[in-house]
Amino acid sequence: MSSTLLLKFLLTLFLLAAAADHSKPLSRNDQNEMGCEVNQNHVIGSIGAVIDLNCRVGKEQRIAVEMAVHDFNQWTQYCSKLDLHFQDSHGNSARAASAVIDLVNKKQAHAILGELTLQEAALVWEFDEETKDIPIISLTPSATLDPPWLPFKTPSSFIRISYDMKVQMQCFAAIIGHFRWRKVIAIYERSGSFSADSALITHLSDSLQAVDSIVEHYSAFPSMNSLLDSEYFIEEELKRLRSKNVKVFTILRSSVEFAIILFKKAKVLGMMTKGYAWIVSDDFGNLLDSVESSVILNNMEGVIGFKTNYPDTTESFRAFEGRFRRKYRLGHPDEKFSSPSVYALRAYDATWAIAKAMQQSEGKVVPSTFIRNILTNKFEGLSGEISFKNGALHQKPVFQVINVIGRSYREMALWTPQFGFSKDLIEYERTNMIRADIGLSADLSSVYWPGGELTAPKGITFGSIEKPLRIGVPAMGAFHMFVKVTYDPNKNVTTFSGFTIEVFEAVVQRLPYQLIYNLTPHYGTYDEMVVKVQNKSLDAAVGDTEIMAERYQIADFSQPYMESGLVMIVKVKPDLIKTRLIILKAFTLKMWILIASTNFATGCVIWLNEHVNKNPDFVGPFPQQIGSMLWFSVTMLSFAQRESIRNNLSRLLLSTWLFVSIVITACYTAAVTSMMTVPMLEPSIVDVDYLLSTNSPVGCNGNSFIVHFLVEVLHFKPDNIRKIGSINDYPQAFESGYIKAAFFVAPHAKIFLAQYCKGYTMAGQSIKLGGFGFVFPKGSPLAIDISEAILKTTQSGEMNQLEKRLSSFSNCSSTKGPNDSGPGELGIEPFFLLFVMSGVLLGITFVNSVVRLIGRQFSIHESIQGFLLRRRIYSWASLILTRSWTRFRSKLFRKPIFCKSNEEMNVDQNEIEANLKVIELGTTMKI
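In terms of my numbering, the sequence shown opens at residue 289 and continues consecutively.
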């Protein structure tokens, strides 16, 4: 009894020692349940492995399978043993199929494991149907579950210890969608087998649709084994891809050797610089630890990707990792890095799954039972939980998003198909479910990009020095303030100017990448220019191009940089303020006649009533009565003020008329005030219906969409549409009657009214349109970036400054003449008639006053008397002067003065006295 206990104790120690070399070995109770007895050493089964021993994955898988068989045999050395046989597939599907048949028929293998696809397994079953009962464990990194092109349902004997390819493509799409890349280039290395390479692109395209992205180009490189000069081939293909506008490259599948050469050549070609983005799948991400650090540092900085996440902190993993490194270095001493990847872990776990199922068969491997034991096994392996559902791993994958920095890489976030990106995952032991730790967010904002950039690249560039973008500019526009194309034949240079060109240049400056382009004049209509963008004759179009629904069906437009609408311009009616009869325009002619008639009739009736009542103010001779009646009819208010109306009925009638007069006067005052103060730029034509009903000709830009719009929407006759090529031709067309109205888009109309500000105005309602925008091909991401840049330019105020410069050429401020009145000012025209009436009455009154004044002050008698008086004064003055001169002359020449006689002197004295009396009498009469 004691010896039995000692034996059990020693066996227990041995099992504990074996546990250090395996993640979770079978317990002692498990051995007893399988019926193992001490020293029962016999072969329970044979495993065949078909592996490509020329690649890194194949080398790791061989060592991992050998270690698993060794560990199992050592652990069950007293119970059972496994045989292992290898075949090298050399990465060729035909060799792989031949190796499987050989292992089954010659080596009596009970199970096959290796990098075998479902298509390769189908080839085996085609040649040897007996192999359908042999379980095949596929170690391929990824595969498509049940491809639709297979003519049969996948047998239960084909078991995958890998994840569905679709999950990897979903992870690609999640990364691409996070950084909002709209187009990508896909690269993959052909496997050299019958695997569905085309399914890679199909599944990626399907996944990208969910994030509004597409595969713009893809390139399938031959496997490294099939290329004689792989470096030259890869370099030439990269040169072709470098010419594409898309700068996001996704490496869907690659070997380590292919990826190293690929990034080396990309570095030489300048494809690892600013603006580029590279994403690698877990095919290469899982093997990144085996790449030399110098290669990573020199050629791969800034690469992002993902790798399969697995528990690498357990004691079983650390023990396995140490032994694996030692064996790998012994088998491949020329390789520097010997850390195991997830592919080695899966190969180890797959071998243990087969071994457990064989041990459960108790040495009698029955295919159906054997396969069922494999599929029902569930244990914790080195790569994680191992359990199967529908012939594949049941556990959903967890990918670790990585970013290559320096000589290694940084783990940034986790991604799962259930939860997307997260910082960490929490596992629940009871439910075996994994959920994201929503309290922590994924750190995808601090990615180190190629070229040392910290800002995510846009993933696309437009134009290059060798092949700049060809951007069309309308050369036949009617409004050169927006777009003007000038050609200098002497210098053979075409210049582009105008508001639209300035806006485009300002917007381009706000793009996060360089836009290399050449402006190209387009001599044709705007619709023809949009068609050229559609068929890729032009890469884009810049101009005062209206966004229309039919144009949007064939091309993309940017955000409108200027609002727009279709408006009608007509001549204005003559300004009432400028007319000299404005005071008569307040009432119609009928109103004036009614006022005059009512006033006259009221006056006559009141005069007649007062005359009947013998009012002395109204009684007189008949001719005088008729005159007083007419005069009273005109001057009723004056009589009312003198209170000459004595009859109550007359007073009532006069009061009523006074009330009516006050109301009419107030309305007249308001009407005249309104006409003088409110601008009355009334259009000569009110709406479009008048033009249609009168069959009037209209004008528009012949190269614009307006021609089609007038015919199809507004229903103008084509014969009535006049195509006018320049803004300066419209005034002459209006004056000559060539057109009655002109149709412009709103920005053009503002320019026209600013330049010709007198005599024209807008009429009718504006028809809302899409606005002015830049044209791009359908699906062009440049349209989105330009739209964002337009918004930034607008919010910064720069767009407003450009619009102010556009309207700065207005002629209105410089066309005011010396007699013109400014805003809020009134000229002499509205008051001309009043001043004429006042002046006429003033003259008549003045003349009458002067005549009456003269008539009162002077009569005919007084005139004659004054005439005689003036004669006497003249005679007296002459006599005095004569005598004074005589005396002066006699003294001067000393001659004697002859004395007059007394009679003569008396006569003279009497004459003087008489004259003095006449003067005094005249003065008295004057006073």
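Ideal Cβ positions, reconstructed from N, Cα and C, are used throughout, including at glycine. Note that the coordinates shown come from a computational prediction; the quantities given were computed from them, not determined experimentally.
Beta-carbon proximity check, residue i vs residue j, cutoff 8 Å
i: LEU427; j: PHE460; result: no
i: ILE835; j: GLY1059; result: yes
i: GLN375; j: VAL338; result: yes
i: ILE424; j: ILE389; result: no
i: SER445; j: ILE475; result: no
i: ASN823; j: ARG758; result: no
i: LEU1057; j: GLY853; result: yes
i: THR1049; j: VAL860; result: yes
i: LEU370; j: ALA643; result: yes
i: LYS553; j: GLU523; result: yes
i: ILE567; j: ILE548; result: no
i: GLN683; j: GLU668; result: no
i: ALA828; j: PHE625; result: no
i: ILE449; j: ALA632; result: no
i: ALA701; j: LEU732; result: yes
Neighbourhood of residue i by C-beta, 8 Å cutoff - its chain only, sequence neighbours within 5 removed
i: ASP318; result: Any reading at ASP318 needs caution, since the residue's pLDDT is 44, under 50, leaving its predicted position unreliable; the model's value is listed next. For ASP318, where only same-chain residues beyond five positions count, there are no Cβ hits under 8 Å.
i: SER501; result: ALA461, ILE464, GLY465, TRP469, ARG470, LYS471 and VAL472
i: PHE1004; result: LEU979, LEU980, VAL986 and LEU998
i: LEU937; result: ASN897
i: THR1103; result: With a pLDDT of only 43 at THR1103, under 50, the local geometry of the prediction cannot be trusted, and no value is derived from it.
i: ASP1165; result: Checking the sequence shown, residue 1165 turns out to be Ala, not Asp. No residues qualify anywhere along the chain.
Neighbourhood of residue i by C-beta, 6 Å cutoff - its chain only, sequence neighbours within 5 removed
i: LYS1011; result: GLY990
i: THR364; result: none
i: ASN613; result: Per the sequence presented here, residue 613 reads as Arg, with Asn not at that position. Contacts found: SER626.
i: ALA794; result: THR1081 and GLU1086
Reduced DSSP secondary structure (H/G/I, E/B, other) of residue i
i: MET560; result: coil
i: ALA843; result: coil
i: MET1227; result: The structure shown does not extend to residue 1227, since the chain is modelled only from 289 to 1215, so the question has no answer here.
i: GLU414; result: helix
i: SER581; result: helix
i: TYR1048; result: strand
i: ALA1216; result: Because residue 1216 is not part of the residues shown, which for the chain are 289 to 1215, the question remains open.
i: ALA452; result: A small fix is needed here, since residue 452 is Asp in this sequence, not Ala. Of the three classes helix, strand and coil, the one that applies to ASP452 here is strand, per DSSP.
i: ARG934; result: coil
i: ARG468; result: coil
i: THR650; result: Checking the sequence, you will find Glu at residue 650 rather than Thr. Coil, per DSSP.
i: ILE973; result: coil
i: GLN458; result: helix
i: GLY831; result: strand
i: GLY1112; result: Here GLY1112 scores only 45 on pLDDT, less than 50, and its place in the model should not be relied on; the value that follows carries that caveat. In this structure, GLY1112 counts as coil in the three-state DSSP scheme.
i: LEU1094; result: helix
i: ILE674; result: strand
i: ALA874; result: coil
i: GLY739; result: helix
i: ILE1185; result: Low confidence applies here, because ILE1185 scores a pLDDT of 43, under 50, leaving its location unreliable and the question unanswered by this model.
Cβ shell of residue i (< 7 Å), same chain only, five flanking positions each side left out
i: VAL976; result: MET856, LEU1002 and GLY1052
i: VAL692; result: ILE584, MET588, GLU589, GLY590 and VAL591
i: SER992; result: TYR814
i: GLU545; result: MET512
i: ALA498; result: ALA461
Continuous beta strand (DSSP E) stretch holding residue i: start and end
i: LYS471; result: 471-477
i: CYS988; result: 986-989
i: PRO777; result: Per DSSP, PRO777 belongs to no beta strand (DSSP E) and is neither H nor E.
i: PRO809; result: 805-810
i: ALA565; result: 565-568
i: LYS1080; result: Taken as a continuous stretch (DSSP letters only), LYS1080 belongs to no beta strand (DSSP E), being part of the alpha helix (DSSP H) at 1069-1083.
i: TYR697; result: 696-704
i: GLN683; result: No beta strand (DSSP E) contains GLN683, which DSSP labels as neither H nor E.
i: SER710; result: 708-710
i: HIS505; result: 502-509
N- and C-terminal bounds of the alpha helix (DSSP H) containing residue i
i: ARG606; result: 603-619
i: GLU519; result: 518-530
i: TYR814; result: 814-822
i: ALA1042; result: 1034-1043
i: ALA498; result: Careful: ALA498 lies outside any alpha helix (DSSP H) and carries neither H nor E.
> Which residue spans inside the stretch 343-428 form an unbroken alpha helix (DSSP H) run of at least 4?
Replying inline: 344-363, 381-393 and 406-415
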